[in-house]
Structures are given as structure tokens and as C-alpha cells.
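**Q** Have a look at this one before I ask anything.
Residue numbers (our numbering): 6 to 182.
Below, the structure written as C-alpha cells:
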């Protein structure tokens, strides 16, 4: 209720987020209930923010079906300057989500004119995409591995390394498919 009172003036102008770093990080049911209640009362579908280890440690399939993921995965504790992502590494695959929406790749970001560390993030979209999310565009539905395997057999994903690259980009494990 407190969150919703604070968020209310920003409906249609911002995206609510659940920062999932609770003591009981495995309480997926509570997280889903919070997300659903915020969505029900605000009409804006919130995102959930959590670390890669939490994403892959629990069954988030019920959450992933309806809510977007902002994931934290730091590849280095070294300072990163001016959003130079050359040392950010590459994303790992996550379970349950079709794809992540935002990646926080360091908490040691530095910008000229700013004292101290900053979080650096990569949003997978443009301004128009962000604005659509503010207006509550639904999350993409993840196909089952069986559905994707049928598409691969039908040739819809290409062949060889190109197929595997496309599968990984969409969050699927080529070996499993």
C-alpha cells in the first residue's frame, strides 16, 4: 500500500520495480503476489530486479510469464568508465524468461564529473520501447522447449552456428533444444 501511494503520481510516466534482494529470496510466491497487486492497483506491469544467481536458483516460471526481468550480473569489480562495456562480458542464459529486459553489469561505473561509483545498466530497447513499457505493454510469452524444437526441425531458426547463436540470443539452450 505504501509503495502504491508513492508510485501513484508516476503511473504512465515510470515503471514500478520490485528489487528482489529479500532475506527469503526463494519466496517466489510472495514476489508474484506483490507484482500482481501492484499491477492490479496501478494498471502498470512492474518488473522484477534480481541477481543472476537468484534468477537461476528458483522456479520463476509463473513470474516470467507476465513480468519483465532486470538482472544484475557483475563480471568485474574493476572501475568501468563512460559505459565502456568491453569488460562487461556476455550475458549468461537465464531460466524461465524469454529474454532479459535490462542488465546491470557493474556497480563500479564512473563518469567524468561524478564522484563515486554508479550502477551501469544496459536496456534492451530504445526510447519508444521504454515508453511502451510505461504504458503497460505485456511481456513476451516464452515458448516451451518443445515448441522451439519443432520450429528448429521445421528450419525456422536456420542452421549450424547461426541457429545456435539465434537460440542463445532468445534465451534458449541449443543443446537442450
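Quick reminder that beta carbons are idealized off the backbone N, C-alpha and C, glycines included.
Every value quoted in this text rests on a predicted model; they were computed, and no experiment measured them.
Rounded to the nearest angstrom, how far is the Cβ of residue 107 from that of residue 138, given a contact under 8 Å?
**A** As a first step, residue 107 is located in the chain shown; it is residue number 102 there, counting from the start. As a first step, residue 138 is located in the chain shown; it is residue number 133 there, counting from the start. With 8 Å as the limit, residue 107 and residue 138 do not qualify as a contact, their Cβ atoms being about 10 Å apart.
**Q** Going by beta carbon distance, what residues of the same chain come within less than 6 Å of residue 1, once the five residues before and after it are set aside?
**A** The displayed coordinates of the chain run from 6 to 182. Any statement about residue 1 would go beyond what the structure contains.
**Q** Just the Cα atoms here: how many angstroms apart are residue 111 and residue 171?
**A** Working through the chain shown from its first residue, we reach residue 111 at position 106. Working through the chain shown from its first residue, we reach residue 171 at position 166. Approximately 26 Å, taken between the alpha carbons.
**Q** Straight-line CA distance for residue 6 to residue 155?
**A** Counted from its first residue, the chain shown places residue 6 at position 1. Counted from its first residue, the chain shown places residue 155 at position 150. Distance between the alpha carbons of residue 6 and residue 155: 45 Å.
**Q** Tell me the rounded alpha-carbon separation between residue 74 and residue 179.
**A** Start at 1 with the first residue of the chain shown, and residue 74 comes out as number 69. Start at 1 with the first residue of the chain shown, and residue 179 comes out as number 174. Approximately 22 Å, taken between the alpha carbons.
**Q** Quick check: residue 65 and residue 97, are their CB atoms within less than 8 Å of each other?
**A** The residue labelled residue 65 in the question sits at position 60 within the chain shown. The residue labelled residue 97 in the question sits at position 92 within the chain shown. 8 Å or more divides the Cβ of residue 65 from the Cβ of residue 97.
**Q** Exposed or buried, which one is residue 86 when buried takes at least 16 other CB atoms within 10 Å?
**A** As a first step, residue 86 must be located in the chain shown, where it is residue number 81. Exposed is the call here.
**Q** Would you check if the distance between the CB atom of residue 131 and the CB atom of residue 109 is smaller than 8 Å?
**A** Residue 131 sits at position 126 when you count from the first residue of the chain shown. Residue 109 sits at position 104 when you count from the first residue of the chain shown. Not a contact, by the Cβ cut-off of 8 Å.
**Q** Shortest alpha-carbon distance to residue 60 belongs to which of 42, 83, 49 and 26?
**A** Looking up residue 60 in the chain shown gives position 55. That would be 26, whose Cα lies nearest to the Cα of residue 60.
**Q** Which full runs of the beta strand (DSSP E) of 3+ residues lie inside the segment 51-139, going along the chain?
**A** 52-56, 73-77, 107-115 and 123-128
**Q** To the nearest angstrom, how far is it from the Cα of residue 31 to the Cα of residue 16?
**A** If you number the chain shown from 1, residue 31 lands on position 26. If you number the chain shown from 1, residue 16 lands on position 11. Rounded to the nearest angstrom, the two C-alpha atoms are 29 Å apart.
**Q** DSSP state of residue 19, grouped into three classes?
**A** The count along the chain shown starts at 1 and reaches residue 19 at position 14. Strand, per DSSP.
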